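Asker: Protein chains in written order, with our numbering: chain A, 4 to 255; chain B, 4 to 255. Even glycine gets a Cβ: it sits at the ideal position worked out from N, Cα and C. Being a predicted model, the structure only gives us computed values, none of them experimental.
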DNA sequence: CGCTGCCTTGATCTTCTTCAAAACGTGTGG
DNA sequence: CCACACGTTTTGAAGAAGATCAAGGCAGCG
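1) Nearest to residue 197 of chain A by alpha carbon, out of A:174, A:208, A:183?
2) Using 7 Å as the limit for Cβ to Cβ distance, is residue 255 of chain B near chain A?
3) Please list, in chain order, the residues of the stretch 161-182 of chain A that have any C-beta partner in chain B closer than 8 Å.
4) Considering just the uninterrupted stretch of the beta strand (DSSP E) at residue 119 of chain A, what are its terminal residues?
5) Residue 126 of chain B and residue 61 of chain B: beta carbons closer than 7 Å?
6) As a quick exercise: from B:228, B:226, B:35, pick the residue whose alpha carbon is nearest that of residue 105 of chain B.
7) Three or more C-beta pairs under 8 Å: does that hold for the stretch 82-101 of chain A against the stretch 36-53 of chain A?
8) What span of residues does the alpha helix (DSSP H) with residue 244 of chain A cover, start to end?
9) Check whether chain B comes within 7 Å of residue 94 of chain A, counting only Cβ atoms and requiring the distance to be less than that.
10) Taking just the CA atoms, how far does residue 161 of chain A sit from residue 87 of chain A?
11) Given residue 157 of chain A, which residues of its chain have a CB within under 6 Å of its CB, disregarding the five upstream and five downstream residues?
12) Report yes or no: is there a C-beta of chain B within less than 7 Å of the C-beta of residue 73 of chain A?
13) Provide the residue(s) that pair with residue 35 of chain A in DSSP beta bridges, ordered along the chain.
14) Counting Cβ pairs, one atom from each stretch, are 3 or more of them under 8 Å apart for the stretch 213-225 of chain A and the stretch 173-191 of chain A?
15) Could you name the residues of chain A that residue 147 of chain B contacts, counting a contact when the two beta carbons are closer than 7 Å?
16) Run through the stretch 32-105 of chain A for me and flag every whole alpha helix (DSSP H) of 4 or more residues, listed as ranges in chain order.
17) For residue 230 of chain A, does the count of other Cβ atoms within 10 angstroms reach 16, so buried, or fall short, so exposed?
18) Please name the residues in the stretch 212-228 of chain B whose beta-carbon is closer than 7 Å to at least one beta-carbon of chain A, in chain order.
19) The alpha helix (DSSP H) with residue 191 of chain B in it runs from where to where?
20) Just checking: is the beta-carbon of residue 239 of chain A within a distance shorter than 7 Å of some beta-carbon in chain B?
21) In terms of residues, what are the limits of the beta strand (DSSP E) holding residue 125 of chain A?
22) Determine the direct distance from the alpha carbon of residue 240 of chain B to that of residue 114 of chain A, and round the result to whole angstroms.
23) Are the CB atoms of residue 136 of chain B and residue 84 of chain B nearer to each other than 7 Å?
24) Is there a Cβ of chain A sitting closer than 7 Å to that of residue 245 of chain B, yes or no?
25) For residue 206 of chain A, which residues from the same chain have a beta carbon less than 7 Å from its beta carbon, with the 5 sequence-adjacent residues on both sides left out?
26) Could you please tell me which residues of the stretch 48-80 of chain B, in chain order, have their CB closer than 7 Å to any CB of chain A?
27) Could you check whether the Cβ of residue 155 of chain B sits closer than 7 Å to any Cβ belonging to chain A?
28) Just to confirm my understanding: we take residue 38 of chain A, look at its own chain, exclude 5 residues before and 5 after, and list those with CB closer than 7 Å. What are they?
29) Inspect the beta-carbon positions of residue 140 of chain B and residue 76 of chain B and report whether they are closer than 7 Å.
30) Which residues in chain A sit within 7 Å of residue 158 of chain B, going by Cβ to Cβ distance?
31) To the nearest angstrom, how far is the alpha carbon of residue 238 of chain A from that of residue 219 of chain A?
32) By how many angstroms is the C-alpha of residue 122 of chain B removed from the C-alpha of residue 59 of chain B?
33) Going by beta-carbon coordinates alone, are residue 67 of chain B and residue 107 of chain B separated by less than 7 Å?
34) Could you give the DSSP three-state label for residue 13 of chain A: helix, strand or coil?
35) Could you confirm whether any beta carbon from chain A is found closer than 7 Å to the beta carbon of residue 86 of chain B?
36) Starting from the beta carbon of residue 141 of chain A, find every residue of chain B whose beta carbon is closer than 7 Å, and list them in chain order.
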């Protein structure tokens with residue numbers, strides 16, 4: 004058996020919170036899926052409406068329950084979307100990366116954010132007031148349609164997650180969660196398909212709707228079975244095929 | 004203790020499948036939340052693009068996995084949105100009533116429906132091809148924004164459901180599910196706030212991510228505790244307050 | 001009536017959480 | 001460079017929650 008790698012292969016995102024420089028903004032906006040189809044001068048117009056802000060690792064971007072006034076776009080880094088329960092239990096709903104948006108979409112008056120957004124790494128985020136964003140959607144109908152597509156896709160994913168959670172075992176859910184993460188953040192490395200972000204057992208458990216201990220047990224088991232390689236705050240997948248089998252069926 | 008009512012107080016929806024008459028269509032479209040703001044002549048235009056179809060109780064409208072070509076609007080009746088697992092387990096994702104839409108929103112080529120839609124009662128549904136709907140959204144930007152709002156709201160609900168399922172007990176989830184159903188379909192009656200639709204224990208279990216037996220046990224328990232009144236295929240809530248406490252906290 | 005679905009109930013058994021404690025890695029300060 | 005301290009991860013054992021299996025009961029309907 005090869006020796007387990009001790010050092011995390013996850014590369015930190017190099018950047019200062021303040022380095023969200025204005026020069027890069029247009030380029031970043033250009034890469035946002037729902038702005039990509041716009042001509043440069045439109046991007047220019049839109050750029051004017053956004054403001055930028057840096058966040059350090061672990062810093063909250065906004066808390067659930069705060070008045071929902073702005074829409075954010077991740078420029079660099081990873082953002083956790085979390086929802087809390089009375090009992091202090093957290094559920095990790097999604098992890099967002101460069102080009103993805105979060106925050107207030109609807110303009111319908113005085114609403115509050117239903118979830119908290121927390122910088123998982125150093126993050127630079129662009130944001131725009133909800134009304135201003137609404138104005139953009141009105142000015143550029145193609146953007147509105149693109150945003151709708153993305154939101155509909157997220158709804159499908161959420162429905163899929165509901166099915167997963169309510170019909171599968173913890174083992175299957177963890178497997179599924181790892182695959183989903185790898186799909187989004189996976190980078191091929193010697194050790195396997197690395198999930199390129201700091202990810203604790205607790206985060207994983209909160210995504211799969213389970214506990215830290217259970218997540219740990221199952222991750223260890225996966226490693227013993229040769230499906231993954233893992234260390235502190237990182238996981239790489241070595242056998243996607245078998246993991247996928249596990250996630251969907253379980254009955255074989 | 005009052006004698007339990009034996010007869011279902013749920014009123015069947017009176018209507019023939021074929022009675023989806025063309026005369027009513029404009030009126031129905033008018034009531035659809037995202038068309039409501041349009042002037043009559045626009046509704047007229049949109050009406051031309053829709054076709055109607057009736058479904059009997061239990062009849063599938065479309066199956067998960069079929070090519071997703073159309074968007075549907077419920078004119079009358081109730082529609083179940085379900086997702087299946089390999090193991091034959093079903094998850095009930097949502098129940099849709101008059102004015103709500105389902106089916107294919109995205110136009111992005113050759114996709115398939117991720118869930119099955121099944122008529123829970125006799126249903127009349129209007130439908131439109133995905134491209135035609137997209138054309139409507141382009142022609143009427145206000146409609147696009149309204150559709151986006153509704154989709155975003157559904158996403159929020161789905162996230163809330165994920166939190167519910169992953170962090171609460173079956174008892175709490177059933178309580179929560181009943182409250183949500185009552186919110187949507189509740190009608191005040193002598194016996195309490197009646198959930199106006201045929202609802203089996205199995206349906207309830209599939210919504211709460213549990214089993215028929217557990218749902219039955221908990222429903223019985225709720226009835227013993229005086230929170231609800233129930234019979235075959237129907238449930239009415241008598242003590243919303245206590246049910247709500249149960250659903251959210253549980254720790255008291 | 002007797003059939004066909006729903007619904008209920010009990011007993012068992014698996015799964016997962018919980019509580020508790022130890023081991024490990026990582027970064028820090030001496 | 002080493003040793004320490006902290007947060008993360010692992011592991012064990014006990015317990016609870018819920019699924020599963022298996023009958024039996026009840027209502028509505030032909």
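Answerer: With the structure as the only source:
1) On the first chain, residue 197 of chain A is found 194 positions in, with the first residue counted as 1. For residue 197 of chain A, the closest alpha carbon among the candidates A:174, A:208, A:183 is that of A:183.
2) By 1-based counting over the second chain, the position of residue 255 of chain B is 252. Low confidence applies to residue 255 of chain B: its pLDDT is 43, below 50, so where it sits in the model is not reliable, and the reading given next is rough at best. By this cut-off, residue 255 of chain B is not an interface position.
3) Residues of the stretch 161-182 of chain A with a C-beta atom less than 8 Å from some C-beta of chain B are 161, 162, 163, 164, 165, 166, 168, 169, 170, 171, listed in chain order.
4) To locate residue 119 of chain A, count along the first chain from 1; it is residue 116. Taken as a continuous stretch (DSSP letters only), the beta strand (DSSP E) holding residue 119 of chain A covers 119-122.
5) Numbered from its first residue, the second chain carries residue 126 of chain B at position 123. Numbered from its first residue, the second chain carries residue 61 of chain B at position 58. Contact: no.
6) The residue given as residue 105 of chain B occupies position 102 in the second chain. The residue among B:228, B:226, B:35 with its C-alpha nearest the C-alpha of residue 105 of chain B is B:35.
7) Between the stretch 82-101 of chain A and the stretch 36-53 of chain A, the count of Cβ pairs shorter than 8 Å is below three; the stretches do not touch.
8) Position 241 of the first chain, counted from the first residue, corresponds to residue 244 of chain A. For residue 244 of chain A, the enclosing alpha helix (DSSP H) starts and ends at 243-251.
9) In the first chain, residue 94 of chain A corresponds to position 91, counting from 1. Taking Cβ atoms only, chain B reaches closer than 7 Å to residue 94 of chain A, which makes this a yes.
10) Taking the first chain and counting its residues from 1, one reaches residue 87 of chain A at position 84. Taking the first chain and counting its residues from 1, one reaches residue 161 of chain A at position 158. Rounded to whole angstroms, residue 87 of chain A and residue 161 of chain A show a C-alpha spacing of 17 Å.
11) Against the first chain, residue 157 of chain A aligns to sequence position 154. Nothing meets the Cβ criterion.
12) One-based indexing of the first chain puts residue 73 of chain A at position 70. It does not; no Cβ of chain B falls within 7 Å.
13) Start at 1 with the first residue of the first chain, and residue 35 of chain A comes out as number 32. Per the DSSP secondary-structure output, residue 35 of chain A pairs with nothing in a beta bridge.
14) With three or more CB-CB distances shorter than 8 Å, the stretch 213-225 of chain A counts as touching the stretch 173-191 of chain A.
15) Locating residue 147 of chain B in the second chain gives position 144, where the first residue counts as 1. Residues of chain A passing the Cβ test: 144, 147, 148, 151.
16) The qualifying runs are 43-52.
17) Locating residue 230 of chain A in the first chain gives position 227, where the first residue counts as 1. Residue burial is scored here from C-beta neighbours: residue 230 of chain A has at least 16 other C-beta atoms within 10 angstroms and is therefore classed as buried.
18) So the list reads 212, given in the order they occur along the chain.
19) Start at 1 with the first residue of the second chain, and residue 191 of chain B comes out as number 188. No alpha helix (DSSP H) holds residue 191 of chain B; the beta strand (DSSP E) holding it covers 189-192.
20) Taking the first residue of the first chain as position 1, residue 239 of chain A is located at position 236. So no, residue 239 of chain A is outside the interface.
21) To locate residue 125 of chain A, count along the first chain from 1; it is residue 122. Segment: none, residue 125 of chain A is in no beta strand (DSSP E) and carries neither H nor E.
22) Position 111 of the first chain, counting from 1, holds the residue named residue 114 of chain A. Position 237 of the second chain, counting from 1, holds the residue named residue 240 of chain B. Spanning the two alpha carbons is a distance of roughly 28 Å.
23) Your numbering for residue 136 of chain B matches position 133 in the second chain. Your numbering for residue 84 of chain B matches position 81 in the second chain. Not in contact: residue 136 of chain B and residue 84 of chain B (Cβ atoms no closer than 7 Å).
24) The residue given as residue 245 of chain B occupies position 242 in the second chain. The beta carbon of residue 245 of chain B does not come within 7 Å of any beta carbon belonging to chain A, so the residue lies off that interface.
25) The residue you call residue 206 of chain A lines up with position 203 of the first chain. Closer than 7 Å at the Cβ level, and outside the excluded window around residue 206 of chain A, lie 95.
26) The residues in question: there are none.
27) Indexing the second chain from 1 puts residue 155 of chain B at position 152. At least one CB of chain A lies nearer than 7 Å to the CB of residue 155 of chain B.
28) One-based indexing of the first chain puts residue 38 of chain A at position 35. By the criterion of a C-beta distance shorter than 7 Å, residue 38 of chain A is surrounded in its chain by 32, 46, 49, 146, once the five residues flanking it on both sides are discounted.
29) Residue mapping note: residue 140 of chain B aligns to position 137 of the second chain, counting from 1. Residue mapping note: residue 76 of chain B aligns to position 73 of the second chain, counting from 1. Their beta carbons are not under 7 Å apart, which means residue 140 of chain B does not touch residue 76 of chain B by this criterion.
30) Counting from one through the second chain, the residue named residue 158 of chain B turns up at place 155. Under the 7 Å cutoff, chain A gives 154, 157, 158, 161.
31) One-based indexing of the first chain puts residue 238 of chain A at position 235. One-based indexing of the first chain puts residue 219 of chain A at position 216. Approximately 12 Å between the Cα atoms of the pair.
32) Translated into positions along the second chain, residue 59 of chain B becomes position 56. Translated into positions along the second chain, residue 122 of chain B becomes position 119. Roughly 7 Å between the two C-alpha positions.
33) By one-based count along the second chain, residue 67 of chain B stands at place 64. By one-based count along the second chain, residue 107 of chain B stands at place 104. Residue 67 of chain B is not a Cβ neighbour of residue 107 of chain B, given a cutoff of 7 Å.
34) In the first chain, the residue the question calls residue 13 of chain A occupies position 10. It is coil, neither helix nor strand.
35) By one-based count along the second chain, residue 86 of chain B stands at place 83. Yes, its Cβ sits closer than 7 Å to a Cβ of chain A.
36) Locating residue 141 of chain A in the first chain gives position 138, where the first residue counts as 1. In chain order: 144.
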